[in-house]
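Structure, as structure tokens:
There are 2 protein chains.
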Amino acid sequence: MRLHEKSFFCPSICKRLHKVTKKLPMSTTIKEVAQHAGVSIATVSRVLNNVGPVDERTRERVRESARQLRYVPNAMGRSLSRRKTEAIGLLLPDLFGEFFSEVLRGSDQTAQHSNYHLVVSSSHNNKKEIHAALTMMRGRVDGLVVMSPHIDAEILKENLPPSLPVVLLNCPVESREFDSLTIDNVNGAHVMIEHLLSHGHTRIAIIKGTECNFDAAERLRGYTVALQEHGIAPETCLQAEGDFSESTGYDAVHRLLAQSPRPTAIFACNDSMAIGALSALRDAGIRVPGEIALAGFDDVPIAAYLTPSLTSVTVGIHNLGVRAIDTVLHAVRHHNAHHKQQIILPTSLSLRESCGCHQ
Amino acid sequence: MRLHEKSFFCPSICKRLHKVTKKLPMSTTIKEVAQHAGVSIATVSRVLNNVGPVDERTRERVRESARQLRYVPNAMGRSLSRRKTEAIGLLLPDLFGEFFSEVLRGSDQTAQHSNYHLVVSSSHNNKKEIHAALTMMRGRVDGLVVMSPHIDAEILKENLPPSLPVVLLNCPVESREFDSLTIDNVNGAHVMIEHLLSHGHTRIAIIKGTECNFDAAERLRGYTVALQEHGIAPETCLQAEGDFSESTGYDAVHRLLAQSPRPTAIFACNDSMAIGALSALRDAGIRVPGEIALAGFDDVPIAAYLTPSLTSVTVGIHNLGVRAIDTVLHAVRHHNAHHKQQIILPTSLSLRESCGCHQ
DNA sequence: AAGCCGCATGTAAACGTTTACATTTTACAA
DNA sequence: TTGTAAAATGTAAACGTTTACATGCGGCTT
Numbered sequence: 121m122r123l124h125e126k127s128f129f130c131p132s133i134c135k136r137l138h139k140v141t142k143k144l145p146m147s148t149t150i151k152e153v154a155q156h157a158g159v160s161i162a163t164v165s166r167v168l169n170n171v172g173p174v175d176e177r178t179r180e181r182v183r184e185s186a187r188q189l190r191y192v193p194n195a196m197g198r199s200l201s202r203r204k205t206e207a208i209g210l211l212l213p214d215l216f217g218e219f220f221s222e223v224l225r226g227s228d229q230t231a232q233h234s235n236y237h238l239v240v241s242s243s244h245n246n247k248k249e250i251h252a253a254l255t256m257m258r259g260r261v262d263g264l265v266v267m268s269p270h271i272d273a274e275i276l277k278e279n280l281p282p283s284l285p286v287v288l289l290n291c292p293v294e295s296r297e298f299d300s301l302t303i304d305n306v307n308g309a310h311v312m313i314e315h316l317l318s319h320g321h322t323r324i325a326i327i328k329g330t331e332c333n334f335d336a337a338e339r340l341r342g343y344t345v346a347l348q349e350h351g352i353a354p355e356t357c358l359q360a361e362g363d364f365s366e367s368t369g370y371d372a373v374h375r376l377l378a379q380s381p382r383p384t385a386i387f388a389c390n391d392s393m394a395i396g397a398l399s400a401l402r403d404a405g406i407r408v409p410g411e412i413a414l415a416g417f418d419d420v421p422i423a424a425y426l427t428p429s430l431t432s433v434t435v436g437i438h439n440l441g442v443r444a445i446d447t448v449l450h451a452v453r454h455h456n457a458h459h460k461q462q463i464i465l466p467t468s469l470s471l472r473e474s475c476g477c478h479q
Numbered sequence: 121m122r123l124h125e126k127s128f129f130c131p132s133i134c135k136r137l138h139k140v141t142k143k144l145p146m147s148t149t150i151k152e153v154a155q156h157a158g159v160s161i162a163t164v165s166r167v168l169n170n171v172g173p174v175d176e177r178t179r180e181r182v183r184e185s186a187r188q189l190r191y192v193p194n195a196m197g198r199s200l201s202r203r204k205t206e207a208i209g210l211l212l213p214d215l216f217g218e219f220f221s222e223v224l225r226g227s228d229q230t231a232q233h234s235n236y237h238l239v240v241s242s243s244h245n246n247k248k249e250i251h252a253a254l255t256m257m258r259g260r261v262d263g264l265v266v267m268s269p270h271i272d273a274e275i276l277k278e279n280l281p282p283s284l285p286v287v288l289l290n291c292p293v294e295s296r297e298f299d300s301l302t303i304d305n306v307n308g309a310h311v312m313i314e315h316l317l318s319h320g321h322t323r324i325a326i327i328k329g330t331e332c333n334f335d336a337a338e339r340l341r342g343y344t345v346a347l348q349e350h351g352i353a354p355e356t357c358l359q360a361e362g363d364f365s366e367s368t369g370y371d372a373v374h375r376l377l378a379q380s381p382r383p384t385a386i387f388a389c390n391d392s393m394a395i396g397a398l399s400a401l402r403d404a405g406i407r408v409p410g411e412i413a414l415a416g417f418d419d420v421p422i423a424a425y426l427t428p429s430l431t432s433v434t435v436g437i438h439n440l441g442v443r444a445i446d447t448v449l450h451a452v453r454h455h456n457a458h459h460k461q462q463i464i465l466p467t468s469l470s471l472r473e474s475c476g477c478h479q
């Protein structure tokens, strides 16, 4: 009798325990509020979303129940039903440094202002990670801002639904199928080189950005064209490798100082490398701009506080984030009525001490 | 006959158009893959999630259909069914500057490594925005990392379900109900002041952080206690206001230079303010550290590249992000088996030129 | 041939919320 | 009192996906 009971009873109770443990309480659901208030779930939804007719006394009763039960709607259920998430995806190559930090700041402020939130991911310029990030975003975002020097139209089309609004930031994609905002790298670099030329420099070096990087290639092109327009042949010995980090800027200076004759000015393709270069020049006992002038690109917030203050191409990084989010939100709201635009954003120069101005 | 047709036909077709327009195609669903492959949706799920028994030929057929239709599972449906989102929420006071950027970097790397992604939000130390951010996170994240000097246990309990794992970063909450990681601000500041004292400085000023800010208060306390332990009475005229930004650091220096006698060392409560202070000292023609020594707090990556390189309390910012995510993921995975811990993270000193070392 | 077992696959319901349409209630006029 | 219209509320199904359990098929043994 005991064996009989045991063998008969255990499978049944184990199955029931299994079912019970599946139903872990996430937190209060709309059903519990409805029951507590003595109304249907539709009425709770109507009250909390301020939709449709509801008797005031019923409304108050539901409100009180929701308050007592600390009900917060579950975004998963809501999103599935409404088919919108009220989130914008932001895919950046990296999540550190002042440049991306400023993009993020502009993006966050703008999204929050419209009651959207950000889902942020980084791809480390790795195709596999780009694919993973894009895949992960599906069902989580209403629109997407992508900033990646390695992106191409094929990847986007393969990984994203056609209906998802996408804004490309500084991507080497020239398709009219996507909105894009692109910094005028060529002109920014061009004008900066012209400025250094106007200071009398004829031997101008460049610390290049990452190989196979869209921004890096464009900034190098601006440098090259500006020199050529002034009858100066660009020399490869004045073009040092860098990867947009402070340390590679530091190292590049050592290589450039080994050239004979030495450059009299250095253009770093981003401010981080300029900061590293500045440090290396200081360590080498070279006065800036007295012996070698220096210029950067991006004008990150800290540039103005350096010693000497850094002359830099201003791209309005924060504004980049703001405009990207504005654009994607417009596309989200207006569907097919949104007209895709490809915009080139002008740069300007912030002239400070490092080039020789303001001494 | 025409009138008859028109009045009879239009209401019916209008209703059907209304229904059709509701069903906008998001993108390929599991149902379409199932139909394309000639199997049930359960089989598609089994194939794509590698669960249960599936015949190899069926498996291949389903895979091919999914590939052809470019099927990507919808996170909304998946999350609702599985009751997990595979996302971690990260709530920071702000989303700019190297400090938060470094936290973000550590968090992103760690989350990605575990195939989780981040949902990032900022609260600007505003209670309303904290509430909005916490509410927004519900249903979107499996766990939460909160960094806010204004948070208290009450807000957390009112806004979050009891079952949601939460890790507090540098929050003034001393509850054993939450995991927490807190930088040892007091000791960090204390040791830095002792170091400046060891350089012979007896008149040490402080640029304080934001009023009513937990970190700021603790760092001020460390400064005060260290002075008192060396028989030096802290003077309010040597305690300048700041708000953790470069510009307030710059302004604070002007006020401190007006003191008579002048301080011989300045401790800024974060590196951003130290950078601003450095710039102001340079503008005032004061040699650092020859005339006035300078120290910061946080040791952001750029500190080493400044002129002079900045001495700073090292907190391992990146590691902070890493550990926070590790902790919350552990809690997510182990539920009640996870033991809550409140950890004080030690600091160290990065001694560079600005205090007088390494000359 | 019948029965049993294991494997593959399908059916139905779940998850939390929204909303179209059906049903009930209420208020007012005749 | 009755009827009508408007307001309030409820029911059922949708959204996309997962999964417990039911069902069908094939192979093997007696």
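Chains as they are written, first to last, in my numbering: chain A, 121 to 479; chain B, 121 to 479. For every residue, glycine included, the Cβ atom is placed at its ideal position computed from N, Cα and C.
Between residue i and residue j, is the Cβ-Cβ spacing less than 7 Å?
i: Phe364(B); j: Gly329(B); result: yes
i: Ser399(A); j: Tyr370(A); result: yes
i: Val174(B); j: Leu211(B); result: no
i: Ala207(B); j: Val239(B); result: yes
i: Leu189(B); j: Thr149(B); result: no
i: Ser199(B); j: Met196(A); result: yes
i: Ile326(A); j: Tyr343(A); result: yes
i: Ser300(A); j: Pro213(A); result: no
i: Val261(A); j: Gly209(A); result: yes
i: Cys389(B); j: Ala336(B); result: yes
i: Thr401(A); j: Pro383(A); result: Correcting the residue identity first, residue 401(A) is Leu in this sequence and not Thr. Result no, Cβ atoms of Leu401(A) and Pro383(A) do not sit closer than 7 Å.
Going by the C-beta, is residue i closer than 6 Å to any heavy atom of the ligand ZN?
i: Asn235(A); result: Ligands are entirely absent from the displayed structure, and the ligand ZN is therefore not among its contents.
Is any beta-carbon of chain A found at less than 7 Å from that of residue i?
i: Phe216(B); result: yes
i: Arg187(B); result: no
i: Glu297(B); result: no
i: Arg258(B); result: yes
i: Glu366(B); result: yes
i: Arg402(B); result: yes
i: Ser201(B); result: no
i: Ile437(B); result: no
What does the Cβ neighbour count give for residue i, buried or exposed, with the cut at 16 atoms within 10 Å?
i: Cys475(B); result: buried
i: Glu274(B); result: exposed
i: Thr255(A); result: exposed
i: Ala480(B); result: Not covered by the structure: residue 480(B). The range shown for chain B is 121 to 479.
i: Asn194(A); result: buried
i: Ile464(B); result: exposed
i: His315(A); result: buried
i: Ala423(B); result: buried
i: Val452(B); result: buried
i: Glu222(A); result: buried
Return helix, strand or coil for residue i, following the three-state DSSP convention.
i: Leu430(A); result: coil
i: Thr178(A); result: helix
i: Gln359(B); result: strand
i: Leu238(B); result: strand
i: Gln462(A); result: strand
i: Ile327(A); result: strand
i: Asp391(B); result: helix
i: Asp262(B); result: coil
i: Ile352(B); result: coil
Using a Cβ-Cβ distance under 7 Å, would residue i count as near chain B?
i: Leu526(A); result: Any answer about residue 526(A) is impossible in this case: the structure gives chain A only from 121 up to 479.
i: Thr255(A); result: yes
i: Met196(A); result: yes
i: Ile445(A); result: no
i: Gly476(A); result: no
i: Val192(A); result: yes
i: Pro173(A); result: no
Taking Cβ-Cβ distances below 8 Å as the criterion, which residues of the region 208 to 232 of chain B are in contact with chain A? Of all residues in the region 208 to 232 of chain B, Asp214, Leu215, Phe216, Gly217, Glu218, Phe220, Ser221, Glu222, Leu224, Arg225, Asp228, Gln232 have a Cβ within less than 8 Å of some Cβ in chain A.
Looking at chain A, which residues of the region 311 to 328 of chain B have a Cβ within less than 9 Å of any of its Cβ atoms? Under the 9 Å Cβ criterion, the region 311 to 328 of chain B contributes no residue.
Residues in the region 404 to 426 of chain A with C-beta within 8 Å of chain B's C-beta atoms, listed in sequence order? Contacts with chain B (Cβ-Cβ distance below 8 Å) from the region 404 to 426 of chain A involve Pro421, Ile422, Ala424, Tyr425, Leu426, listed in chain order.
Using a Cβ cut-off of 7 Å, which residues of the region 241 to 253 of chain A contact any Cβ in chain B, in chain order? Flagged, chain order: Ser241, Ser242.
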